[in-house]
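Student: One structure, pasted below without further comment.
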Amino acid sequence: MAAPQFEVPKLTGNIEIPAVKADASAHIKSFPANAGIQEIIGFPGGAEPGELVDGWHDKAIAKMGDLLGRYRSLQVFMDACVHCGACTDKCHYFIGTGDPKNMPVARQELMRSVYRRHFTFAGKYFPSLVGAKDLTKEVVEDWYKYYYQCSECRRCSVFCPYGIDTAEVTMAGREILDTIGYGQKYTNEIMGKLHKIGNNLGLPGPALQDTLEGLEEDMLDATGVAVKLPLDVEGAEVLLVTPSADFFAEPHVESLMGYGKVFHASGTSWTLSSKASEAGNFGMFIGSYENTRRAAMRIREAALELGVKRIVVGECGHAWRVAYSFWNTLVGVGAGGADPFSIELQKQLDPRYPAPQHICEFTNDLIKQGKLKFDKSLNDHRVVTFHDSCNVARGSRMGDIPGGQFIIPREVIKAVVNNYHDMAEETIGESTFCCGGGGGLLTDDLLELRVKGALPRMEALNNVVEEHKVNFLALICAICKAQFNKVVPFYGFDMSMVGGVHQLVSTAILLEKEEE
Amino acid sequence: MGFEINGKTYETDEEGYLVNLAEWDEEAAKYLAIEEKVDMTESHWEVVNFLREYYNDYQIAPAVRVLTKAIGKKLGPEKGNSKYLYELFPYGPAKQACKIAGLPKPTGCI
Numbered sequence: 001m002a003a004p005q006f007e008v009p010k011l012t013g014n015i016e017i018p019a020v021k022a023d024a025s026a027h028i029k030s031f032p033a034n035a036g037i038q039e040i041i042g043f044p045g046g047a048e049p050g051e052l053v054d055g056w057h058d059k060a061i062a063k064m065g066d067l068l069g070r071y072r073s074l075q076v077f078m079d080a081c082v083h084c085g086a087c088t089d090k091c092h093y094f095i096g097t098g099d100p101k102n103m104p105v106a107r108q109e110l111m112r113s114v115y116r117r118h119f120t121f122a123g124k125y126f127p128s129l130v131g132a133k134d135l136t137k138e139v140v141e142d143w144y145k146y147y148y149q150c151s152e153c154r155r156c157s158v159f160c161p162y163g164i165d166t167a168e169v170t171m172a173g174r175e176i177l178d179t180i181g182y183g184q185k186y187t188n189e190i191m192g193k194l195h196k197i198g199n200n201l202g203l204p205g206p207a208l209q210d211t212l213e214g215l216e217e218d219m220l221d222a223t224g225v226a227v228k229l230p231l232d233v234e235g236a237e238v239l240l241v242t243p244s245a246d247f248f249a250e251p252h253v254e255s256l257m258g259y260g261k262v263f264h265a266s267g268t269s270w271t272l273s274s275k276a277s278e279a280g281n282f283g284m285f286i287g288s289y290e291n292t293r294r295a296a297m298r299i300r301e302a303a304l305e306l307g308v309k310r311i312v313v314g315e316c317g318h319a320w321r322v323a324y325s326f327w328n329t330l331v332g333v334g335a336g337g338a339d340p341f342s343i344e345l346q347k348q349l350d351p352r353y354p355a356p357q358h359i360c361e362f363t364n365d366l367i368k369q370g371k372l373k374f375d376k377s378l379n380d381h382r383v384v385t386f387h388d389s390c391n392v393a394r395g396s397r398m399g400d401i402p403g404g405q406f407i408i409p410r411e412v413i414k415a416v417v418n419n420y421h422d423m424a425e426e427t428i429g430e431s432t433f434c435c436g437g438g439g440g441l442l443t444d445d446l447l448e449l450r451v452k453g454a455l456p457r458m459e460a461l462n463n464v465v466e467e468h469k470v471n472f473l474a475l476i477c478a479i480c481k482a483q484f485n486k487v488v489p490f491y492g493f494d495m496s497m498v499g500g501v502h503q504l505v506s507t508a509i510l511l512e513k514e515e516e
Numbered sequence: 001m002g003f004e005i006n007g008k009t010y011e012t013d014e015e016g017y018l019v020n021l022a023e024w025d026e027e028a029a030k031y032l033a034i035e036e037k038v039d040m041t042e043s044h045w046e047v048v049n050f051l052r053e054y055y056n057d058y059q060i061a062p063a064v065r066v067l068t069k070a071i072g073k074k075l076g077p078e079k080g081n082s083k084y085l086y087e088l089f090p091y092g093p094a095k096q097a098c099k100i101a102g103l104p105k106p107t108g109c110i
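Top line first, the protein sequences correspond to chains A and B. Note that this note's numbering has the first sequence beginning at 1, numbered continuously upward. Note that this note's numbering has the second sequence beginning at 1, numbered continuously upward.
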């Protein structure tokens, strides 16, 4: 791995709208998936990675027609845009690269121009008058490049007067590409590991068991208290589903130990599951309902097999979107379903608690009930800020009040630290900037894009670092953690400033020693 | 894609990781280390050998923490931390050391 051959943007103190530079990121392209990877997740593949299948043109148009029929939203998004330009400067990848195709409206136009050609009267008969385009190999190539330069963070949709959601257009673009053999290696390989082994990392049960035992040892050494990380315990009250990175990577494991300490201190019986050892669900990233459902079914099955009463989701952004927004119809977790499939799980789950529940909400409830004790001063070496993860901020909610997804994690943080400062308002909450690595872009072959896409967040971070001496960036997403860990050094920050909300909880929580 | 040493060919993927784990040998490791601009010392071999042993047992590379702990036990507590591992493998111990050890690249949200 050679040192990166690109210019890292300079921090200026402001998030500046760049001058347009045509094709500035046209050279950035992630590795396509080979046929073997495609096959595992139910898509075709050509002889070489990225080679289109026979009859690709008609198959792509047919798939587009299928998606337009399946998703009314996509049809509306194709028709409704008036090219007002409100979205143009809202994308972190446009801000970081200056490539005009990274303006959300232009990214959508890649599909919309083909849509007009094949699905509108004017486009069929007078294509040049309405900017309708044939789907050529060059257009397919642009789709692949620029639909994998979108992290599906939905910031642009907040500013769109019509509420057009670029993420859905990107997902549709990726699904059409997958259908004609042009999948992305990173996302699709991981999807396959999840189906085969149970998690994105491909961590088999025995390795998981060994890793958890090692962490239990570490906690015993550090605290003198036997905090457990139970696996596959039938009859536990809570099933915790968390991203597999929490078992494996730094700083992710610090939060895992934090969850363990919260369960321990509150006396909650809980378990992890080797079958549902992944909260993440990359099926959403590629717009594949079938893959999203297949991945989510593991969680339903684990919940039924273990007989748990509650399902809590760990620090993972897009997992929470899938869980909060889609699990109810996908797998019957969440209220509302009156069909036998939903009822089977509903009658097992405890209706007094939200299903699913976010770990921050779980911890915050215990804090409010006075069931957890903290010594905030143990975090006094830290000055903390919080980065709202895009999928939590704009794809879900938390708790029972509007905006709970912004309030609850901050309440947890403020309960365990003395020094907290928000970043600038236009960069947090609903307007939060993506970390730059979401939506299936957290791969080394996209490092340049990831570094440049992190620019607006780095500007906002740098401002609180300079003004308030912030030295800890608190996160609730495995992708955000891995992304920032990798890219903050490019901007002159130390990677040790990146960590989880439950890492802060873990530092400050007071555990009672068992009586001898 | 691949490379050849003394008449033996090694197949690699787009990112230079060995496709077939069984093909790995010390010669391949030395070649991959040069590609990674890593100067293999005794300490580097300790890590690489541990990775391979762990992979044999568990079919996956160890978590960073498992690795640091094992290194700490073997080489002394002052070396049982990720800072030491980053000194050995500056582009990330998990990914760079795995490549030299002939293991698949760990992927996911890491």
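All C-beta atoms in this analysis are idealised placements derived from N, C-alpha and C, irrespective of residue type, glycine included.
#1: Write down the C-beta distance between leucine 67 of chain B and proline 93 of chain B rounded to the nearest angstrom, noting that I regard them as a contact closer than 8 Å.
#2: Taking 8 Å as the CB-CB cut-off, is aspartate 232 of chain A touching chain B?
#3: Can you give me the C-alpha to C-alpha distance between arginine 298 of chain A and methionine 171 of chain A, rounded to a whole angstrom?
#4: Are the CB atoms of valine 8 of chain A and phenylalanine 406 of chain A within a distance shorter than 8 Å?
#5: My output table needs one value for leucine 442 of chain A: the three-state DSSP class, helix, strand or coil.
#6: Comparing the C-beta of glycine 76 of chain B with each C-beta of chain A, is any distance below 8 Å?
#7: Determine the chain A residues that contact lysine 79 of chain B at a beta-carbon separation under 7 Å, and present them in chain order.
#8: Does the contact criterion of 3 or more C-beta pairs under 8 Å hold for the region 162 to 176 of chain A versus the region 71 to 80 of chain A?
#9: Can you list, in chain order, the residues of its chain whose CB lies under 6 Å from that of isoleucine 17 of chain A, leaving out five sequence neighbours each side?
#10: Any contact of the region 343 to 361 of chain A with the region 310 to 325 of chain A, i.e. 3+ C-beta pairs under 8 Å?
#11: When you compare the region 188 to 202 of chain A with the region 318 to 325 of chain A, are there three or more beta-carbon pairs, one atom per stretch, that lie closer than 8 Å?
#12: Can you find a C-beta in chain B that's less than 8 Å from the C-beta of glutamate 189 of chain A?
#13: Under three-state DSSP, which class holds tyrosine 10 of chain B?
#14: Whole angstroms are fine: how far does the CA of glutamine 108 of chain A sit from the CA of valine 470 of chain A?
#15: Whole angstroms are fine: how far does the CA of valine 20 of chain A sit from the CA of glutamine 209 of chain A?
#16: Please name the residues in the region 199 to 217 of chain A whose beta-carbon is closer than 8 Å to at least one beta-carbon of chain B, in chain order.
#17: In terms of residue numbering, what span does the alpha helix (DSSP H) encompassing arginine 310 of chain A cover?
#18: Whose CA, out of A:Phe119, A:Lys185 and A:Ala22, lies closest to the CA of glycine 36 of chain A?
#19: According to DSSP, simplified to helix, strand and coil, what is tryptophan 24 of chain B?
#20: Could you tell me the boundaries of the alpha helix (DSSP H) in which threonine 507 of chain A lies?
#21: Is DSSP giving tyrosine 91 of chain B helix, strand or coil here?
#22: Leaving out five residues before and five after valine 392 of chain A in sequence, what residues of the same chain have Cβ atoms less than 6 Å from its Cβ?
#23: I'd like to check one pair, alanine 478 of chain A with alanine 424 of chain A: are the Cβ atoms closer than 8 Å?
#24: Using a Cβ-Cβ distance under 8 Å, would alanine 33 of chain B count as near chain A?
#25: Cβ atoms of valine 19 of chain B and aspartate 13 of chain B: under 8 Å apart, would you say?
#26: With DSSP as the reference, label isoleucine 5 of chain B as helix, strand or coil.
#27: Going along the chain, which residues of the region 242 to 270 of chain A sit with their C-beta nearer than 7 Å to a C-beta in chain B?
#28: Could you compute how far the alpha carbon of isoleucine 95 of chain A sits from the alpha carbon of glycine 214 of chain A?
#29: My assumption, with CB atoms under 8 Å, is that tyrosine 259 of chain A sits in contact with histidine 502 of chain A. Please give the rounded CB distance.
#30: Starting from the Cα of phenylalanine 282 of chain A, find the closest Cα among A:Arg294, A:Ser273 and A:Lys275 and give me that residue.
#31: Under the three-state reduction of DSSP, which class applies to phenylalanine 263 of chain A: helix, strand or coil?
#32: How long is the line joining the alpha carbons of lysine 105 of chain B and leucine 378 of chain A, rounded to whole angstroms?
#33: Just verifying my parser: in three-state terms, what is the DSSP assignment at phenylalanine 406 of chain A?
#34: Let me know if proline 340 of chain A comes out buried or exposed under the rule of 16 or more other beta-carbons within 10 Å of its beta-carbon.
#35: Does DSSP put tyrosine 58 of chain B in a helix, in a strand, or in coil?
#36: Considering alanine 101 of chain B, what are the terminal residues of the beta strand (DSSP E) in which it resides?
Tutor: Let's see:
#1: 7 Å
#2: no
#3: 22 Å
#4: no
#5: coil
#6: no
#7: The premise fails here: lysine 79 of chain B is roughly 16 Å from chain A at the closest Cβ pair, so nothing lies under 7 Å.
#8: yes
#9: Asp89
#10: yes
#11: As far as the Cβ criterion goes, the region 188 to 202 of chain A does not touch the region 318 to 325 of chain A, which means the pair count is below three.
#12: For glutamate 189 of chain A, at least one C-beta of chain B is nearer than 8 Å to its own C-beta.
#13: strand
#14: 37 Å
#15: 51 Å
#16: When C-beta distances to chain B are compared with 8 Å, the residues of the region 199 to 217 of chain A below that value are Asn199, Asn200, Leu201, Gly202, Leu203, Pro204, Pro206, Ala207, Asp210, Thr211, Gly214 and Leu215, in chain order.
#17: Arginine 310 of chain A -> not in any alpha helix (DSSP H); beta strand (DSSP E) instead, spanning 310 to 313.
#18: A:Lys185
#19: coil
#20: 501 to 508
#21: coil
#22: Contacts found: Gly317, Trp320 and Gln405.
#23: no
#24: no
#25: Yes, the pair counts as a contact, with Cβ atoms nearer than the cut-off.
#26: strand
#27: Listed in sequence order: Pro243, Ser244, Ala245, Phe247, Phe248, Ala249, Glu250 and Val253.
#28: 43 Å
#29: Taking C-beta atoms under 8 Å as the contact rule, tyrosine 259 of chain A and histidine 502 of chain A qualify, at a distance of about 6 Å.
#30: When each option's Cα is compared against that of phenylalanine 282 of chain A, the closest is A:Arg294.
#31: helix
#32: 37 Å
#33: helix
#34: exposed
#35: helix
#36: From DSSP, alanine 101 of chain B is part of no beta strand (DSSP E); its letter is neither H nor E.
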